[in-house]
Amino acid sequence: MITLTTENFEEQVLKSDKPVLVDFWAEWCGPCRMVAPVLDQIETEHGLTIGKLNTDENPEIMARYGVMGIPTLLLFENGEPVKQVVGAKPKRMLVAELGLE
(Lines of atoms letter the chains of each structure in order from A and count residues from 1; the text may use other names and numbers.)
(Lines give C-alpha, C1' and ligand atoms only; values in the text may rest on other atoms or scores of the structure.)
Protein backbone atom coordinates (compact mmCIF):
# COMPACT_ATOMS: atom_id res chain seq x y z
CA MET A 1 0.00 0.00 0.00
CA ILE A 2 1.26 3.44 -0.85
CA THR A 3 0.73 6.63 1.11
CA LEU A 4 -0.82 9.29 -1.08
CA THR A 5 -0.48 13.05 -0.61
CA THR A 6 -1.37 16.13 -2.59
CA GLU A 7 2.24 16.16 -3.80
CA ASN A 8 2.36 12.60 -5.20
CA PHE A 9 -1.30 12.02 -6.17
CA GLU A 10 -0.88 12.94 -9.83
CA GLU A 11 2.21 10.77 -10.30
CA GLN A 12 0.99 7.76 -8.28
CA VAL A 13 -2.68 7.74 -9.35
CA LEU A 14 -3.47 9.92 -12.35
CA LYS A 15 -0.40 8.95 -14.39
CA SER A 16 -0.40 5.27 -13.38
CA ASP A 17 -0.64 2.78 -16.24
CA LYS A 18 -2.42 0.32 -13.88
CA PRO A 19 -5.68 0.70 -11.98
CA VAL A 20 -5.24 2.30 -8.54
CA LEU A 21 -7.71 2.04 -5.68
CA VAL A 22 -7.63 5.15 -3.48
CA ASP A 23 -8.74 4.73 0.13
CA PHE A 24 -9.92 8.06 1.56
CA TRP A 25 -9.52 7.67 5.33
CA ALA A 26 -8.66 9.45 8.60
CA GLU A 27 -6.92 8.33 11.79
CA TRP A 28 -10.01 8.99 13.94
CA CYS A 29 -12.37 7.02 11.65
CA GLY A 30 -13.34 3.65 13.19
CA PRO A 31 -14.88 2.19 10.00
CA CYS A 32 -11.71 3.21 8.10
CA ARG A 33 -9.63 1.12 10.50
CA MET A 34 -12.06 -1.79 10.10
CA VAL A 35 -11.73 -1.83 6.31
CA ALA A 36 -7.90 -1.52 6.27
CA PRO A 37 -7.12 -5.25 6.74
CA VAL A 38 -9.70 -6.13 4.09
CA LEU A 39 -7.94 -3.79 1.65
CA ASP A 40 -4.63 -5.50 2.46
CA GLN A 41 -6.22 -8.83 1.47
CA ILE A 42 -7.69 -7.39 -1.73
CA GLU A 43 -4.33 -5.87 -2.67
CA THR A 44 -2.60 -9.23 -2.22
CA GLU A 45 -5.27 -11.41 -3.83
CA HIS A 46 -6.07 -9.20 -6.82
CA GLY A 47 -2.69 -7.55 -7.44
CA LEU A 48 -4.35 -4.15 -7.23
CA THR A 49 -2.34 -1.06 -6.31
CA ILE A 50 -3.95 0.58 -3.29
CA GLY A 51 -3.11 4.04 -2.03
CA LYS A 52 -4.21 5.52 1.27
CA LEU A 53 -5.06 9.23 1.32
CA ASN A 54 -5.44 10.82 4.76
CA THR A 55 -8.32 13.27 4.30
CA ASP A 56 -7.32 15.41 7.29
CA GLU A 57 -3.91 16.05 5.72
CA ASN A 58 -5.06 16.31 2.08
CA PRO A 59 -8.54 17.93 2.05
CA GLU A 60 -8.08 19.43 -1.43
CA ILE A 61 -7.98 15.97 -3.07
CA MET A 62 -11.06 14.96 -1.11
CA ALA A 63 -12.87 18.08 -2.34
CA ARG A 64 -11.69 17.63 -5.94
CA TYR A 65 -13.43 14.25 -6.16
CA GLY A 66 -16.52 15.18 -4.14
CA VAL A 67 -15.79 12.79 -1.29
CA MET A 68 -18.31 13.64 1.42
CA GLY A 69 -17.80 10.80 3.89
CA ILE A 70 -15.17 8.27 4.81
CA PRO A 71 -14.19 5.60 4.23
CA THR A 72 -14.63 6.15 0.50
CA LEU A 73 -12.86 4.01 -2.07
CA LEU A 74 -12.33 5.35 -5.59
CA LEU A 75 -10.99 3.09 -8.32
CA PHE A 76 -9.01 5.04 -10.91
CA GLU A 77 -8.25 3.76 -14.41
CA ASN A 78 -6.31 5.88 -16.90
CA GLY A 79 -6.41 8.82 -14.49
CA GLU A 80 -10.19 8.82 -14.13
CA PRO A 81 -12.39 7.57 -11.28
CA VAL A 82 -14.45 4.67 -12.63
CA LYS A 83 -15.96 3.10 -9.47
CA GLN A 84 -16.80 4.40 -6.01
CA VAL A 85 -17.67 2.56 -2.81
CA VAL A 86 -18.70 4.48 0.31
CA GLY A 87 -18.59 2.95 3.76
CA ALA A 88 -16.99 -0.10 5.34
CA LYS A 89 -18.32 -3.27 3.76
CA PRO A 90 -17.44 -6.97 3.89
CA LYS A 91 -14.71 -8.11 1.51
CA ARG A 92 -17.01 -9.97 -0.87
CA MET A 93 -19.16 -6.84 -1.28
CA LEU A 94 -16.14 -4.61 -1.88
CA VAL A 95 -14.74 -7.03 -4.47
CA ALA A 96 -18.13 -7.18 -6.24
CA GLU A 97 -18.75 -3.43 -6.18
CA LEU A 98 -15.26 -2.71 -7.47
CA GLY A 99 -15.72 -5.24 -10.30
CA LEU A 100 -12.72 -7.36 -9.24
CA GLU A 101 -14.45 -10.75 -9.44
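By the count of UniProt numbering, the sequence shown reaches residue 101 at its end, each step adding exactly one.
We put the beta carbon where it would ideally sit given N, CA and C, even for glycine.
Since the model is a prediction, treat every value here as computed from it, not as a measurement.
Where residue i sits in the DSSP three-state scheme
| i | result |
| --- | --- |
| Leu-98 | coil |
| Val-85 | strand |
| Asp-23 | strand |
| Thr-44 | helix |
| Ile-61 | helix |
| Lys-15 | coil |
| Gly-30 | helix |
Cβ-Cβ distance between residue i and residue j below 9 Å
| i | j | result |
| --- | --- | --- |
| Thr-3 | Glu-60 | no |
| Leu-94 | Leu-39 | yes |
| Val-82 | Thr-72 | no |
Supposed contact pair residue j and residue i - C-beta distance, whole angstroms, cut 8 Å
| i | j | result |
| --- | --- | --- |
| Leu-74 | Val-22 | 5 Å |
| Met-1 | Ile-50 | 5 Å |
| Phe-76 | Leu-53 | At roughly 11 Å, the Cβ-Cβ gap does not stay under 8 Å, so Phe-76 and Leu-53 are not in contact. |
| Met-34 | Ala-96 | Between Ala-96 and Met-34 the Cβ distance is about 18 Å, and since that is not below 8 Å, they are no contact. |
Among the options, the one whose alpha carbon lies nearest that of residue i
| i | options | result |
| --- | --- | --- |
| Ala-36 | Lys-91, Glu-101, Glu-10 and Val-67 | Lys-91 |
| Asp-56 | Glu-27, Lys-15 and Lys-89 | Glu-27 |
| Lys-15 | Ala-88, Asn-78, Lys-89 and Gly-87 | Asn-78 |
| residue 103 | Gly-87, Asn-58, Ile-70 and Gly-69 | Past the edges of the chain, shown from 1 to 101, lies residue 103, and the structure says nothing about it. |
| Glu-10 | Gly-69, Arg-64 and Met-68 | Arg-64 |
| Lys-18 | Cys-32, Leu-48 and Met-62 | Leu-48 |
heavy atom of the ligand PLP below 8 Å from residue i C-beta
| i | result |
| --- | --- |
| Glu-101 | Of the ligands one can find in the structure shown there are none, so the ligand PLP has no counterpart to examine. |
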